[in-house]
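>
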Amino acid sequence: MKAVKIMKPNDLRVIDMEKPVIDEKHNVLVKIRAAGICGSDVGIYHGKNAAATYPRVIGHEMVGDIVEVGQNGSKYQVGDRVIIDQVTSCGQCYACRKGRPNVCANLQVRGVHIDGGYREYMAVPESDCYRLPDFLSYEDAVMIEPTTIAVQACSRAQMEFDDQVLIIGAGALGSSILRIAKLYHPRRIIMADIEEGKLREAISHGADYAINSRTEDVAARAHELTEGYGPTVVIDAACLKGSFLTACRCAGNGGRVITMGFGVEPDDMNQFVITSKELDVRGSRLQNRKFQTVIDLIHQGQIDLSGSISHRFYFQDAKKAFDFNDTHDPSIRKIVLTFD
0 MKAVKIMKPN DLRVIDMEKP VIDEKHNVLV KIRAAGICGS DVGIYHGKNA
50 AATYPRVIGH EMVGDIVEVG QNGSKYQVGD RVIIDQVTSC GQCYACRKGR
100 PNVCANLQVR GVHIDGGYRE YMAVPESDCY RLPDFLSYED AVMIEPTTIA
150 VQACSRAQME FDDQVLIIGA GALGSSILRI AKLYHPRRII MADIEEGKLR
200 EAISHGADYA INSRTEDVAA RAHELTEGYG PTVVIDAACL KGSFLTACRC
250 AGNGGRVITM GFGVEPDDMN QFVITSKELD VRGSRLQNRK FQTVIDLIHQ
300 GQIDLSGSIS HRFYFQDAKK AFDFNDTHDP SIRKIVLTFD
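Taking numbering that gives the first Met the number 0, I'd label the letters of the sequence shown as residues 0 to 339.
1. Assign Lys333 to buried or exposed, taking buried as 16 or more other Cβ atoms, counted over all protein chains shown, within 10 Å of its Cβ.
2. Return the CA-CA distance between Asn252 and Ser203, expressed in angstroms with no decimal places.
3. From Val41 to Ala317, what distance separates their C-alpha atoms?
4. Just the Cα atoms here: how many angstroms apart are Val108 and Arg55?
5. Count the other CB atoms, across all protein chains shown, that sit within 10 Å of the CB of Arg118; report buried if there are 16 or more and exposed otherwise.
6. If we ignore side chains and look at the alpha-carbon of each, how far apart do Glu159 and Cys153 end up?
7. Please tell me whether Asp139 and Ser305 are closer than 7 Å, where the distance is taken between their beta carbons.
8. Where does His298 sit, in a helix, a strand or coil, going by DSSP?
9. Helix, strand or coil: which one does DSSP assign to Ile193?
10. Between the Cα of Asp339 and the Cα atoms of Ala49, Tyr120 and Ser88, which residue gives the shortest distance?
11. Spatial neighbours of Asp133 within its chain, please: C-beta separation below 8 Å, excluding the five flanking residues on both sides.
12. In three-state DSSP terms, what is Ile65?
13. When you compare only the Cα positions, how much space is there between Ile234 and Thr292?
14. Could you tell me if Gly227 is buried or exposed, where buried requires 16 or more neighbouring beta carbons within 10 angstroms of its beta carbon?
15. Which residues share a DSSP beta bridge with Val335?
16. Among Val68, His298, Asp114 and Ile82, which one has its Cα closest to the Cα of Ala2?
17. Just to confirm, are Ile167 and Ile176 a CB contact at a threshold of 7 Å?
18. With distances taken Cα to Cα, identify the nearest neighbour of Pro185 among Arg213, Asn26, Cys103 and Gln163.
19. Evaluate Arg32 with the Cβ neighbour count: other Cβ atoms within 10 Å of its Cβ, from every protein chain shown; 16 or more gives buried, anything less gives exposed.
20. Should Asp271 be labelled buried (16 or more other beta-carbon atoms within 10 Å of its own) or exposed?
21. Could you round the C-beta distance between Leu285 and Asn48 to whole angstroms and report it? I think they count as a contact, below 8 Å.
22. Can you grab the Cα-Cα spacing for the pair Gly90 / Pro230, in whole Å?
23. Smallest Cα separation from His45: which of Met61, Gly173 and Leu11?
24. So, under 8 Å CB-CB, Lys240 and Pro124 are touching, yes? Tell me the CB distance rounded to an integer number of Å.
25. If you draw a straight line from the C-alpha of Lys97 to the C-alpha of Cys103, how long is it?
26. Put Ile167 into one of helix, strand or coil per three-state DSSP.
27. Please determine, among Ile179, Ser174 and Asp295, the residue with the shortest C-alpha to C-alpha distance to Gln151.
28. Less than 8 Å between the CB atoms is what I'm expecting for Ile193 and Ser212, so what's the real figure, rounded?
29. Within 10 angstroms of its Cβ, does Pro145 collect 16 or more other Cβ (buried), or is it exposed?
30. Just checking my contact of Gly72 with Asn26 at CB under 8 Å: how many whole Å lie between their CB atoms?
31. In three-state terms, what does DSSP make of Asn211?
32. Can you find the residues in the same chain that come closer than 8 Å, C-beta to C-beta, to Thr258, ignoring five residues on each side of it along the sequence?
33. Quick check on His94: does DSSP put it in helix, strand or coil?
34. From what residue to what residue does the beta strand (DSSP E) around Val13 run?
35. With a cut-off of 8 Å on the beta carbons, I'd call Leu28 and Ile36 a contact; round off their distance for me.
36. Can you name, in chain order, every residue of its own chain whose Cβ lies under 8 Å from the Cβ of Gly254, other than the five neighbours on each side?
Pasting the structure below:
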């Protein structure tokens, strides 16, 4: 079968590899139909993801059909459409015992530490699969995984209806967070980005206010829009140099700042800004068993994932897809690799 593998940073190849065989543990075989390109995939490609190991078949947003079920399989049948959880954990360490397998001490993420979904077939445990809604296309279903990341971020923020929320970054991640934040009915949601088109789109999708961080002082404007107090929840979905300190400066007293980036370069931090406001600074990584939560929200009609995909490439044209992503064309929202 064919697969897309990063041999080392900036060295992407389409390779031949053995088709996986199911066993007692990896007891379902999934034919991949679509897989998304995430910012972390781009980071692995360019050698800027500190967690990744090489060489690696990347891809962690993957959906497909079950084409074979092992003798000990009981949840699924051949033909079931599924999305695959990217998190694998040991179940024994402190984090796992505390119900946080997404930060397991022995964490292995598909597409990061072990081979992921940019290949034609995957053998996985049936417990890592979730059935897709029948009415959702494979391409739109790719957005379930980014939405789980958004659910995790809002959960880490302990978001409530009385909160005033600022989301820094209106790209694919920020848009997913906006979609979930709305379900908490906060007092207001503010989006910040450098692209006016993305900000207009955020307003059309339910944000109350937009800040153009290219032309406006984000912290000053955020305080102005929150009656001088500052947002009580700030989620950094831009994850760029300087965005963390901006998030802390924006936050109001007693607020929560959620950081999601994986950059390893030193960045500015101001202890006074954090301590004087007694901010809670919390990381949010991956997702903690949030797939069924998102699928239930889809069935309930509370979120609509249709229309989220902006560009499509055949998976063997992955190099073209990544190169196009690197252009930062303002039309890019979500790029999906298809396998048919």
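Quick reminder that beta carbons are idealized off the backbone N, C-alpha and C, glycines included.
Fair warning: this is a prediction, and the values are worked out from it, not measured in the lab.
If we stick to the structure as given:
1. Within the sequence shown, residue 333 is the residue found at index 334, counting from 1. Buried, by the Cβ-count rule.
2. As a position in the sequence shown, residue 252 is number 253, starting the count at 1. As a position in the sequence shown, residue 203 is number 204, starting the count at 1. Roughly 30 Å between the two C-alpha positions.
3. Indexing the sequence shown from 1 puts residue 41 at position 42. Indexing the sequence shown from 1 puts residue 317 at position 318. Rounded to the nearest angstrom, the two C-alpha atoms are 11 Å apart.
4. On the sequence shown, position 109 is the one that residue 108 refers to. On the sequence shown, position 56 is the one that residue 55 refers to. Each residue's CA atom was taken as its position, placing Val108 and Arg55 some 11 Å apart.
5. The residue given as residue 118 occupies position 119 in the sequence shown. Arg118 comes out buried.
6. Within the sequence shown, numbered from 1, the residue matching residue 159 stands at position 160. Within the sequence shown, numbered from 1, the residue matching residue 153 stands at position 154. Cα to Cα, the separation comes out at about 9 Å.
7. If you number the sequence shown from 1, residue 139 lands on position 140. If you number the sequence shown from 1, residue 305 lands on position 306. Yes.
8. Counted from its first residue, the sequence shown places residue 298 at position 299. Helix, per DSSP.
9. Locating residue 193 in the sequence shown gives position 194, counting from the first residue. Collapsing the DSSP output to three states places Ile193 in coil.
10. Against the sequence shown, residue 339 aligns to sequence position 340. Checking every option, the nearest Cα to that of Asp339 belongs to Tyr120.
11. Numbered from 1 along the sequence shown, position 134 holds the residue referred to as residue 133. Arg80, listed in sequence order.
12. In the sequence shown, counting from the first residue as 1, residue 65 sits at position 66. DSSP places Ile65 in strand when its eight states are reduced to three.
13. As a first step, residue 234 must be located in the sequence shown, where it is residue number 235. As a first step, residue 292 must be located in the sequence shown, where it is residue number 293. About 20 Å.
14. Taking the first residue of the sequence shown as 1, we reach residue 227 at position 228. The residue in question, Gly227, is exposed, as its Cβ has fewer than 16 Cβ neighbours within 10 Å.
15. Walking along the sequence shown from the start, residue 335 turns up at place 336. Answer by DSSP bridge pairing, in chain order: Gly35 and Arg311.
16. Position 3 of the sequence shown holds residue 2. Closest by alpha carbon: Asp114.
17. The residue you call residue 167 lines up with position 168 of the sequence shown. The residue you call residue 176 lines up with position 177 of the sequence shown. In this structure, Ile167 sits away from Ile176, with a CB-CB distance that is not shorter than 7 Å.
18. Within the sequence shown, the letter at position 186 stands for residue 185. Residue Gln163 is the option with its Cα nearest to Pro185.
19. The residue given as residue 32 occupies position 33 in the sequence shown. With 16 or more other Cβ atoms within 10 Å, it is buried.
20. Working through the sequence shown from its first residue, we reach residue 271 at position 272. Sequence inspection shows Phe at residue 271; the Asp mentioned does not correspond to that position. The residue in question, Phe271, is exposed, as its Cβ has fewer than 16 Cβ neighbours within 10 Å.
21. As a working note, residue 285 is residue 286 in the sequence shown. As a working note, residue 48 is residue 49 in the sequence shown. Contact between Leu285 and Asn48 is ruled out by a C-beta separation of about 13 Å, above the 8 Å threshold.
22. Translated into the one-based positions of the sequence shown, residue 90 becomes position 91. Translated into the one-based positions of the sequence shown, residue 230 becomes position 231. Whole-angstrom Cα-Cα distance: 36 Å.
23. Mapped onto the sequence shown, residue 45 falls at position 46. Comparing alpha carbon positions, the residue from Met61, Gly173 and Leu11 closest to His45 is Leu11.
24. For this step, residue 240 is matched to residue 241 along the sequence shown. For this step, residue 124 is matched to residue 125 along the sequence shown. Going by Cβ atoms, the distance from Lys240 to Pro124 rounds to 39 Å, so no, they are not a contact pair.
25. Taking the sequence shown and counting its residues from 1, the one referred to as residue 97 is at position 98. Taking the sequence shown and counting its residues from 1, the one referred to as residue 103 is at position 104. C-alpha separation (whole angstroms): 10 Å.
26. For the purposes of this step, residue 167 is taken as residue 168 along the sequence shown, with counting starting at 1. Annotated three-state conformation of Ile167 is strand, per DSSP.
27. Within the sequence shown, numbered from 1, the residue matching residue 151 stands at position 152. Comparing alpha carbon positions, the residue from Ile179, Ser174 and Asp295 closest to Gln151 is Ile179.
28. Residue numbering aside, residue 193 sits at position 194 when the sequence shown is read from its first letter. Residue numbering aside, residue 212 sits at position 213 when the sequence shown is read from its first letter. Correct: roughly 5 Å between the Cβ atoms.
29. Counting from 1 along the sequence shown, the entry for residue 145 is found at position 146. Buried: at least 16 other Cβ atoms inside 10 Å.
30. Indexing the sequence shown from 1 puts residue 72 at position 73. Indexing the sequence shown from 1 puts residue 26 at position 27. The C-beta separation of Gly72 from Asn26 comes to about 5 Å, placing the pair in contact by the 8 Å criterion.
31. If you number the sequence shown from 1, residue 211 lands on position 212. Asn211 falls in the strand class under three-state DSSP.
32. The sequence position of residue 258 within the sequence shown is 259, counting from 1. Excluding positions up to five away in sequence, the list reads Asp235, Cys238, Phe243, Ala246, Val280, Arg281, Gly282 and Ser283.
33. Walking along the sequence shown from the start, residue 94 turns up at place 95. Looking at the sequence itself, residue 94 is Ala, so the reference to His does not match. DSSP, reduced to helix, strand and coil, places Ala94 within a helical segment of the structure shown.
34. Mapped onto the sequence shown, residue 13 falls at position 14. Annotation: the continuous beta strand (DSSP E) that includes Val13 extends over Asp10 to Asp15.
35. For this step, residue 28 is matched to residue 29 along the sequence shown. For this step, residue 36 is matched to residue 37 along the sequence shown. In fact, because the Cβ distance is near 24 Å, the residues do not count as touching under 8 Å.
36. Here residue 254 refers to the residue found at position 255 when the sequence shown is read from its first residue. Excluding positions up to five away in sequence, the list reads Gly229, Pro230, Thr231, Val232, Val233, Lys276, Leu278 and Asp279.
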